[in-house]
Ligand SMILES: NC(=O)c1ccc[n+]([C@@H]2O[C@H](COP(=O)([O-])OP(=O)(O)OC[C@H]3O[C@@H](n4cnc5c(N)ncnc54)[C@H](OP(=O)(O)O)[C@@H]3O)[C@@H](O)[C@H]2O)c1
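In full-length UniProt numbering, the protein residues as written are 1 to 249.
What follows is the structure, encoded as structure tokens:
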């Protein structure tokens with residue numbers, strides 16, 4: 001019987017933290033399937049790592065998009081070694097004086113972007129994760145631990161935590177793990193595009209104990225460790241690489 005190759009699915013793999021995770025895993029000889037809504041950045045990554053990174057263009061905040069990823073794994077004969085749910089980010093905020101309809105729209109958009117992207121993708125891949133004793137990492141944020149001043153964003157990320165605890169219980173029965181990684185300030189990402197200047201970088205760096213922002217590589221390498229040979233006994237945890245801006249996590 002042929003041995004099934006296993007892949008790690010990385011949503012948001014076309015940029016920022018997800019892209020760094022995909023590269024770190026691929027350089028460590030894992031097969032990676034990157035997922036995002038724009039094909040261009042995913043194709044560039046796959047072309048730079050032939051045979052190691054493949055791609056699915058999909059909006060994983062929708063059932064159809066999440067199903068497309070699961071169908072791709074089934075048709076390419078890949079088992080699911082893990083899921084890194086990095087798709088997410090800030091949604092347009094309602095302005096002071098907006099009505100409740102705008103408030104509702106902002107919260108719904110944040111829910112779709114940060115919660116449904118993770119839930120639908122992991123649910124679509126759960127049978128494959130169970131079969132392969134797979135590992136899940138959900139991208140949360142320090143905003144989930146201390147608020148963000150950005151409306152629903154921190155609340156949506158903290159919703160992932162309680163769901164992750166249930167996931168860890170379920171996957172644990174099958175030899176798998178689930179954790180949340182809640183980074184602090186990582187500026188070299190599209191998340192911060194158009195919102196950075198010297199003052200923001202200085203202020204955010206001063207919030208840390210080490211006096212500097214984090215890098216996508218530092219976050220990716222923690223995630224790769226959770227997915228790697230030594231990470232199998234860490235599950236149900238919220239790990240926050242944040243330079244000391246929030247203590248005790
Ligand atoms: N950067 C930070 O300081 C920071 C701190 C804490 C937490 N985080 C979290 O880390 C995660 C990664 O963000 P990042 O900082 O690396 O920013 P980023 O560069 O904006 O990455 C987000 C990625 O998610 C993809 N994406 C968004 N919605 C999607 C959807 N519905 N379906 C499929 N793909 C989708 C985007 O690509 P497409 O637009 O092509 O779909 C993009 O590649 C996010 O969840 C973010 O909230 C970031």
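Here a beta-carbon is modelled for each residue, glycine too, at the ideal position from N, C-alpha and C.
These figures come from a predicted structure and were not determined experimentally.
- For the options 14, 67 and 60, the alpha carbon positioned closest to that of residue 47 is the one of 14.
- For the alpha helix (DSSP H) assignment, the uninterrupted runs of no fewer than 4 residues enclosed by the stretch 166 to 221 are, from N- to C-terminal side, 198 to 206.
- Nearest neighbour of residue 77 by Cα position, chosen from 132, 25 and 10, turns out to be 132.
- In the displayed model, residue 36 falls within a strand according to three-state DSSP.
- Contact between the stretch 203 to 211 and the stretch 110 to 126 is not established, with fewer than three Cβ pairs separated by less than 8 Å.
- Annotation for residue 11: the continuous beta strand (DSSP E) segment containing it runs 6 to 11.
- If you check the CB distance, residue 85 and residue 138 come in under 9 Å.
- Contact between residue 178 and residue 136 holds: CB atoms are separated by about 4 Å, below the 8 Å threshold.
- Taking 3 residues as the minimum length, the beta strand (DSSP E) runs contained wholly in the stretch 114 to 169 are 135 to 139, in order along the chain.
- Cβ neighbours of residue 55 within its own chain (closer than 6 Å, five residues either side excluded): 34, 42 and 46.
- Comparing C-alpha distances from residue 174 to each of 82, 221, 237 and 24 shows the shortest one belongs to 82.
- Residue 242 is not a Cβ neighbour of residue 159, given a cutoff of 9 Å.
- Under DSSP, the beta-bridge partners assigned to residue 31 are 7.
- Inter-residue distance for residue 190 and residue 233 is about 32 Å (C-alpha atoms, whole angstroms).
- At a cut-off of 8 Å, the beta-carbon of residue 14 counts as near ligand 1: some heavy atom of the ligand is closer than that.
- A direct Cα-Cα distance of roughly 18 Å separates residue 92 from residue 141.
- Each residue's CA atom was taken as its position, placing residue 7 and residue 118 some 17 Å apart.
- Distance from the C-beta of residue 208 to the nearest heavy atom of ligand 1 is not below 8 Å.
- In this structure, residue 236 sits near residue 164, with a CB-CB distance shorter than 9 Å.
- Taking the C-beta atoms as reference points, residue 134 is found nearer than 9 Å to residue 79.
- A straight-line Cα-Cα distance of about 6 Å links residue 121 and residue 60.
- Looking at 65, 31, 151 and 72, the one whose alpha-carbon comes closest to that of residue 38 is 65.
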